[in-house]
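A.B. asks:
Structure representation (C-alpha cells):
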C-alpha cells in the first residue's frame, strides 16, 4: 500500500504526457523557423555552345559511333562462330547418342532368344 499511495493518478500522468508533447511540438516549430538550411542556386540560363565546341562534340560522337559499330560487328562475328560451334557439337552428340542406341538395340536383339525364366 505504500507504493500505491506514491504513484500519481492516471489522469495526472496523461496531463503530464500531453503537456510534454505540446512543449516538444512548440520546440520543433521554433527550431524549424530559425534553422533553415541554405538553398543552392540553380541556374536555368541557357548556355550556348560555340561552333567549335559543337564540332568537337560532333567529332567525338562520330568517333564513338564508329567504335561502337566496329565492336558490334566483332560481337556479331563471334556470335556467328559460337552458334556454328554449338550446332556442330550438338550434331556430334546426336550422332554419338544414336550410335550408342544402335549398339544397345543390337545387344538386346542378340539376347532376345536367350532370356529364360
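Residue numbers (the working numbering): 2 to 118.
No residue lacks a Cβ here, since even glycine has one placed at the ideal position from N, Cα and C.
#1: In the DSSP assignment, find the alpha helix (DSSP H) that holds residue 42 and state where it starts and stops.
#2: Using only the alpha-carbon positions, how far apart do residue 65 and residue 45 sit?
#3: Note the first and the last residue of the continuous alpha helix (DSSP H) segment covering residue 28.
#4: From residue 36 to residue 59, what does the alpha carbon distance come to, in whole angstroms?
#5: What is the DSSP secondary structure of residue 57, counted as helix, strand or coil?
#6: If we ignore side chains and look at the alpha-carbon of each, how far apart do residue 68 and residue 78 end up?
#7: May I have the straight-line CA-CA distance separating residue 17 from residue 40, to the nearest angstrom?
C.D. replies: Working from what's here:
#1: Here residue 42 belongs to no alpha helix (DSSP H), and DSSP marks it neither H nor E.
#2: Between the C-alpha atoms of residue 65 and residue 45 there is a straight-line separation of about 29 Å.
#3: Unbroken alpha helix (DSSP H) run through residue 28: 11-35.
#4: Each residue's Cα considered, the two are about 48 Å apart.
#5: Residue state, collapsed to three classes: helix.
#6: Computed Cα separation, rounded: 15 Å.
#7: About 39 Å.
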